Amino acid sequence: MIRLRTPILTALAVVTLAVAAAAERGTDGELRMLYWQAPSILNPYLSGGTKDIHAASLVIEPLARYDEHGDMVAWLAAEIPTLDNGGVASDLKSITWKLRDDVVWADGTPFTAEDVAFTAAYCMDPSGGCASLASFQGVGSVEAVDDHTVRINFDVPMPFPYAPFVGSILPILQQRQFEDCMGARAPECTEENFAPIGTGPFMVDDFRPNDVVRYVVNERFRDPDKPAFSSVLLKGGGDAVSAARAVLVTGEFDYGWNLQVEPEILQEMEQAGKGEVVTAFGTLVERLVINKTNPDPKLGDTRSTFQDGGNPHPFLADPAVVRALSLAIDRDILVEAGYGPAGQVTCNVLPAPAVYASTANDWCLTQDVEYANRILDEAGWERGRRGIRAKDGVRLSILYQTSTNSVRQGTQALIKQMWGEIGVETELRNINASVFFGSDPASPDTYQKFYADIQMYTNNFDGTDPQAYMTGWICDKIPGPANQWNGSNISRYCNPRYDELAAEFAETGGIEQRAALAKRMNDLLVSDGAMIPLIHRGEVAARALTLGGMRHNAWDSTLWNVHEWHRIE
Amino acid sequence: MLRYAIRRLLFAIPTLLAISFVVFALLDLAPGDPTAQLPLTIPPETRALIRESLGLGQPFPVRYVRWLEQFLANEPLNLVEVLLGIEIGDSEGRLRVSSWATRSPVVDLIAQRLPQTLTVVGVSYLVAILIAVPVGVFSAYRQYSVFDQVGTLITMIGFSVPTFFTGTVLIVIFSGVLGWLPSIYDTTHRVTDLASLGYQLKQMAMPVMVLALFSAAQISRFTRSAVLDTLHQEYVRTARAKGLAEPVVMLVHVLRNSMIPVVTVIALGLPTTFAGAIITEQIFRINGVGALLIGAIEGADIPTVQTVTFIFASLIVFFNLVADLLYGILDPRIRYD
Amino acid sequence: MAADQAAAPAASARAAGHGLPGAHPERAKHAVWHRLRRHPGAIAGAAVFMAVALAVLFGSFVHGVDPHYLDYRAKNQGMSLAHPLGTDNLGRDTFARLLAGGRLSLAVGVAAMALSLTVGTVVGVLSGFFRRLDGPLMRFTDLFLALPVLPLLMVTTMLFREPLRAALGLEAGIFILVVGVIGITSWMQTARIVRGQVLAIRAREYVTAARSIGARPWRIISRHVFPNALSPIVVAATLDIAAAIITESALSFLGLGFPSDFPTWGRLLYDGVPFLTLTPDRVIWPGLAISLTVLSVNFLGDGLRDALDPHATTHRAPVIRRK
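Written out as structure tokens, the structure reads:
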């Protein structure tokens, strides 16, 4: 190449080169990505793990995706069906998707509505162990009306009919490839599960489970100028800190995923000048879940069980005590110590999308130790031995557990000290994540068994509609021996008023009304002391400064627009 | 000796069966769950279905016997088929031991990961032995010399500072500050010419260093103490009194007789070159068998853990047998019959 | 240095001996002590170990900062008068945590080493000496070598954590659990090595001689076999302490050991590694503390080994042959 003399000319040349590069397929070389949790399978229906969904999202695509603002964009569909354009039936019992007609599978066969109908049948087969089965709840049938039209019929009216095939967890599989992999045979199709044929910008070239995926460009991708990269390397393994180092300090990789690391470490690494940390906020909330039932080991088999309200927690059943605990916490310090720009203080279980975010609980945003103390004084909790409050022989002594993770252990230590200031004694416990989040009914240490007073973890929901998520706290969903501890109401919270609101929510259409209901439910959960929301967490990633086109997204796979990524100088 | 070896080999079968049963029972009892790593957005009812599809609902003995059949009958048959290119019976319908996490045959996963484990862990073990034995012998020969003291200092620090620390320090220095070596091991790298061999050596340098330091510390300590013991024996004094040259005394009389603890330590360490080095593999993302095992344990992927552990157990039994036979060769007075 | 300290105890050493029948036990003990005292490595090792032990036991009287207190506004600081070794990312005083952590780490290291050494030595000696026990005991050792450690730890924790905590309280209960868990997963190497050594010793002339005069097995073991198998045991002991301190950190990282707010050296080191370039104090000092402890135990062990070795002094011979 000819050397250019002046810096301005060089800059100009770089700009033109960059534009040229971005405008042509396969000219930008290899894109190197680092996932410290490695993908183990490339069929998201058989895994459900975030890493696997992301790794598959380069290859197989859904009908519509969420963009970085949480808005739906048509992907393999020609447009988003709505009530207005007639795509959604007026009785809310069916939705009709029109498919793009310029899409072909990577093997050259045409993409049709039959593939969509097949994918639904594939996941809805109960013996297949499909991880996204819940998204097909209420779906009666999926039929291909013609080659490019598919209709999903619901058994009941669906105020939000966009669950199936929207977002990276529900991409379309090729019928031709997966035909023989239905039901119980699904796991045996190793070859298919490791290299699904897709419509996306890349194809799987080499996949080594839990280690590395190599992709090459899909020459049949519908946009002739994209993707800019000719191949992708997705390497897995290791831990978050060293993943951040490989992008930000040594510059060996272009992109690093899910870097929950203490903020000062990331800040220092960023100073090496090779990359930057990016954050996107979805619906993740780090919260303290309050046990409304008594977890005393002396109770034996009935510990932490609901017993129709007959086993209340000796002090956490009282919303005032929970309120005091919440007020004693300085959330700003928690954010600063563990999250930095990747966290925001929150008082809501449902912090986003913006229409659903309540402001009724903002009293918790600022720490007020004095007020917290006053609440406990007024409720009759008096300071006793070593300054620990007690009433009627019950001491405010809390067993506080969470999963093992250095940021969480830091948060635990901080909260323990903050609670010490209002006369509450805390014992900390951390449990290996694979045990804590497991649901082995024989294990006493799962988050579902909840053999502790308070536990901390993060939760969210897929997509932008909170109906299933908010319905999780009705009385029926309390885990216990009767349902093998399978239930999403971990707090063992039960309020008939809440159940009524949940029922109403399922029948209400119209975003404003739904938002109003969701806020009321959120406020009830907080004021009744079922949970203490702490931090609205973002998804943190690192990108090399030479990587352009990335639109970091918490509502969908962060690799959702990988076909637009390109190299910048 | 031969009779002893055969008897031991036959005895190994019930031993291994017992080990496999205990391990399976242990894993069954362990509080892991294959759906634990899924996002919480997947509801409990779906998780129950997923567990069902993995065969977790079946009783323990059924699952154990099925694993035995799959691993001890089906997998060898498959291997024979692949090697000889023939088909024995219903090879399509024969179930193989499948991992729950990847839904693919465990044996294939191991085969995929063995190359990097053997190259990195194996080479580091070799390096460790080549350094440790001479250092141990010389340290003993010149006990309390400067060489011995420095050797002791380095080896003990090597052993007392964990690999997660040395590994990270090396990465910060050689990949971060100096930028000489890659911090992430590329398992897809193929050695085809000098340049690619160079890269392979570069990417192996740090993990091999970390592991070799750790193993060498241990081996050299035991070598040193064993040689010291032997140096004090009467027959060494006799040999010297006879006027034998010092190298002959050292090699023939001392070294051979001090090898029993050294052989034991080395033989104990050899199976781990198969099982990999969990922490080091994780730090450098070598993703070998060690990483496979730890990932499987954390994901409660029982078929994978069981299979890797069983192969590991077989190697332990085998190498301990080898060590026992070596004892007899090193010291003919040791008899087993 | 080596030559001069070697000559003196020669005579007494031979008499104290490896327990020839008839040697006076009191004299033997005296000789061992005498030789140990003359061993510079042993003295230095003992002095350092005592110093470390005293520091962690009584250091908090001199440096009175609460190791659990989070002075959040003073986080990630370097060395200063208020915080001699700086603070961590939550504002805890590193020096106070080092002292507090040392108490736990030393206790765990020594106790787990003792447990693992006892089990390993007993199994090794029994199976090396008694042919009939050899098969079963060694297969049992193989079983333990083959057990995947992590699930074993999880099961042990699941079964025993609550009962121990209820019976002995949080700290003591978990201490017993941690020591027990490290002990039962680390004795196998010692057992294999001791057995190999015992097999060789059993075939030596003096054992055959003792046997031919009708000495009972226990007497042969205690007077001939055990003393001669001691040097690998001593090496194993020093390595075991280091391994136990490190293993403890892995346990608490996995959530199986002490709660996260109980500092231990291994834990401090583990937590500090991500902050390696930001606050290097957090890794240097715990690393140094572990290394120093292990080194001092090692030198003490070396001295002990030399002092106990019946032939120790005869081999300074190379001096003569240096032409």
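Protein chains in written order, with our numbering: chain A, 1 to 569; chain B, 1001 to 1337; chain C, 2001 to 2323.
For each residue, glycine too, the CB sits at the ideal point set by N, CA and C.
Computed from a predicted structure; not experimentally measured.
Q: Taking residue 2143 of chain C as the reference, give the member of C/2187, C/2101, C/2172 with the closest Cα.
A: Here the question's residue 2143 of chain C lines up with position 143 in the third sequence. Residue C/2187 is the option with its Cα nearest to residue 2143 of chain C.
(Q) Pop quiz: residue 470 of chain A and residue 299 of chain A are said to be a contact at Cβ under 8 Å. What is the actual Cβ separation, rounded to whole angstroms? (A) Position 470 of the first sequence, counted from the start, is the residue given in the question as residue 470 of chain A. Position 299 of the first sequence, counted from the start, is the residue given in the question as residue 299 of chain A. The Cβ separation is near 30 Å, so there is no contact.
Q. Can you give the Cα-Cα distance for residue 1250 of chain B and residue 1225 of chain B, rounded to whole angstroms?
A. Taking the second sequence and counting its residues from 1, one reaches residue 1250 of chain B at position 250. Taking the second sequence and counting its residues from 1, one reaches residue 1225 of chain B at position 225. Cα to Cα, residue 1250 of chain B sits roughly 15 Å from residue 1225 of chain B.
(Q) If distances are taken between C-alpha atoms only, which option among A/314, A/454, A/242, A/199 comes closest to residue 110 of chain A? (A) Walking along the first sequence from the start, residue 110 of chain A turns up at place 110. Selected option, being the one with the closest Cα: A/199.
Q.
Here's a check: name, in chain order, each residue in its chain whose Cβ is nearer than 6 Å to the Cβ of residue 584 of chain A, leaving out the five neighbours to either side.
A. Outside the displayed span of chain A (1 to 569) sits residue 584 of chain A, for which this structure offers no information.
Q | residue 2320 of chain C - DSSP class collapsed to helix/strand/coil | A | As a working mapping, residue 2320 of chain C is identified with position 320 in the third sequence. Residue placement at residue 2320 of chain C is flagged as unreliable, the pLDDT there being 32, under the threshold of 50; a coordinate-derived value is accordingly withheld.
Q: Consult DSSP for residue 21 of chain A and reduce its assignment to one of helix, strand or coil.
A: Looking up residue 21 of chain A in the first sequence gives position 21. For residue 21 of chain A, the predicted model reports a pLDDT of 45, less than 50, meaning its position is unreliable and no value from the coordinates is stated.
Q) Nearest CA to the CA of residue 1004 of chain B: which residue from B/1324, B/1332, B/1108? A) Position 4 of the second sequence holds residue 1004 of chain B. The shortest C-alpha separation from residue 1004 of chain B is found at B/1324.
Q) Run through DSSP, which three-state label would residue 2197 of chain C get? A) Here residue 2197 of chain C corresponds to residue number 197 of the third sequence, with the count starting at 1. Residue 2197 of chain C: helix per DSSP, three-state reduction.
Q: Using only the heavy atoms of the ligand HEM, determine whether one of them is closer than 7 Å to the beta carbon of residue 2129 of chain C.
A: No copy of the ligand HEM occurs in the structure displayed, which carries no ligand at all.
Q | Residue(s) in a DSSP beta bridge with residue 459 of chain A | A | Residue numbering aside, residue 459 of chain A sits at position 459 when the first sequence is read from its first letter. Answer is A/285.
Q: Compare the C-beta of residue 1305 of chain B against all C-beta atoms of chain C and say whether one is closer than 8 Å.
A: Your numbering for residue 1305 of chain B matches position 305 in the second sequence. At least one chain C Cβ lies under 8 Å of residue 1305 of chain B.
Q. Taking just the CA atoms, how far does residue 1160 of chain B sit from residue 2115 of chain C?
A. Against the third sequence, residue 2115 of chain C aligns to sequence position 115. Against the second sequence, residue 1160 of chain B aligns to sequence position 160. Residue 2115 of chain C and residue 1160 of chain B: Cα-Cα distance of roughly 19 Å.
Q. By Cβ distance below 6 Å, which residues in the same chain neighbour residue 2193 of chain C in space, the five residues on each side in sequence not counted?
A. As a position in the third sequence, residue 2193 of chain C is number 193, starting the count at 1. Taken in chain order, the residues that qualify are 2232.
**Q.** residue 1031 of chain B: contacting residues in chain C (beta-carbon distance under 8 Å)
**A.** For the purposes of this step, residue 1031 of chain B is taken as residue 31 along the second sequence, with counting starting at 1. What residue 1031 of chain B touches in chain C: 2154, 2155, 2158.
(Q) Tell me the rounded alpha-carbon separation between residue 45 of chain A and residue 485 of chain A. (A) Along the first sequence, one-based indexing puts residue 45 of chain A at 45. Along the first sequence, one-based indexing puts residue 485 of chain A at 485. Cα to Cα, the separation comes out at about 24 Å.
Q: Could you pull out every residue in the same chain whose Cβ sits closer than 7 Å to the Cβ of residue 1240 of chain B, ignoring the five residues on either side in sequence?
A: Within the second sequence, numbered from 1, the residue matching residue 1240 of chain B stands at position 240. 1249.
Q) Among B/1228, B/1113, B/1124, which residue has its Cα nearest to the Cα of residue 1144 of chain B? A) Looking up residue 1144 of chain B in the second sequence gives position 144. Nearest C-alpha to residue 1144 of chain B: B/1228.
Q | Where the alpha helix (DSSP H) containing residue 2157 of chain C begins and where it ends | A | If you number the third sequence from 1, residue 2157 of chain C lands on position 157. Unbroken alpha helix (DSSP H) run through residue 2157 of chain C: 2149 to 2168.
Q. How far does the alpha helix (DSSP H) with residue 649 of chain A in it reach, from first residue to last?
A. In this structure chain A extends from 1 to 569, so residue 649 of chain A is not present and cannot be described.
Q. Helix, strand or coil: how does DSSP classify residue 161 of chain A here?
A. Here residue 161 of chain A refers to the residue found at position 161 of the first sequence. The answer is coil: DSSP assigns residue 161 of chain A none of H, G, I, E or B.
Q: Assign residue 519 of chain A to one of two classes, buried (16 or more other C-beta atoms within 10 Å of its C-beta) or exposed (fewer than that).
A: Within the first sequence, numbered from 1, the residue matching residue 519 of chain A stands at position 519. Label assigned to residue 519 of chain A: buried.
(Q) Bridge partners for residue 256 of chain A per DSSP, in chain order? (A) Taking the first sequence and counting its residues from 1, the one referred to as residue 256 of chain A is at position 256. Looking at the DSSP assignment, residue 256 of chain A forms a beta bridge with A/34, A/542.
(Q) In this structure, how does DSSP classify residue 8 of chain A when only helix, strand and coil are distinguished? (A) Stepping through the first sequence from its first residue, residue 8 of chain A is reached at position 8. In this prediction, residue 8 of chain A has a pLDDT of 42, which is less than 50 and means its spatial position is unreliable; what the coordinates show is noted afterwards. Correct three-state label for residue 8 of chain A: helix.
Q. Are the C-beta of residue 1287 of chain B and some C-beta of chain A separated by less than 8 Å?
A. Within the second sequence, the letter at position 287 stands for residue 1287 of chain B. Yes, residue 1287 of chain B lies at the interface with chain A (some Cβ there is under 8 Å from its Cβ).
Q: Determine contact between the stretch 465 to 479 of chain A and the stretch 1018 to 1033 of chain B, defined as no fewer than three beta-carbon pairs at a distance below 8 Å.
A: no
Q. Cα separation between residue 294 of chain A and residue 314 of chain A?
A. Numbered from 1 along the first sequence, position 294 holds the residue referred to as residue 294 of chain A. Numbered from 1 along the first sequence, position 314 holds the residue referred to as residue 314 of chain A. Rounded to whole angstroms, residue 294 of chain A to residue 314 of chain A spans 7 Å at the Cα level.
Q | At least three beta-carbon pairs within less than 8 Å, the stretch 235 to 255 of chain A to the stretch 1140 to 1158 of chain B | A | no
Q) So, do the stretch 279 to 297 of chain A and the stretch 523 to 542 of chain A have three or more beta carbon pairs nearer to each other than 8 Å? A) yes
Q. How about residue 256 of chain A and residue 272 of chain A: are their beta carbons less than 8 Å apart?
A. Mapped onto the first sequence, residue 256 of chain A falls at position 256. Mapped onto the first sequence, residue 272 of chain A falls at position 272. In this structure, residue 272 of chain A does not lie closer than 8 Å to residue 256 of chain A by Cβ.
Q. Around the Cβ of residue 498 of chain A, are there at least 16 other Cβ atoms within 10 angstroms (buried) or fewer (exposed)?
A. If you number the first sequence from 1, residue 498 of chain A lands on position 498. That one is buried.
Q. Hey, does residue 2021 of chain C have any beta-carbon neighbour from chain A nearer than 8 Å?
A. Within the third sequence, numbered from 1, the residue matching residue 2021 of chain C stands at position 21. With a pLDDT of only 39 at residue 2021 of chain C, under 50, the local geometry of the prediction cannot be trusted, and no value is derived from it.
Q) Taking the continuous alpha helix (DSSP H) assigned at residue 1190 of chain B, which residues delimit it? A) As a position in the second sequence, residue 1190 of chain B is number 190, starting the count at 1. Premise fails: residue 1190 of chain B is in no alpha helix (DSSP H) and is neither H nor E.
Q | Beta carbon proximity, residue 2277 of chain C to chain A, threshold 8 Å | A | By one-based count along the third sequence, residue 2277 of chain C stands at place 277. It does; some Cβ of chain A falls within 8 Å.
Q) Over what stretch of residues does the beta strand (DSSP E) that includes residue 345 of chain A continue unbroken? A) For this step, residue 345 of chain A is matched to residue 345 along the first sequence. Residue 345 of chain A -> beta strand (DSSP E) spans 343 to 345.
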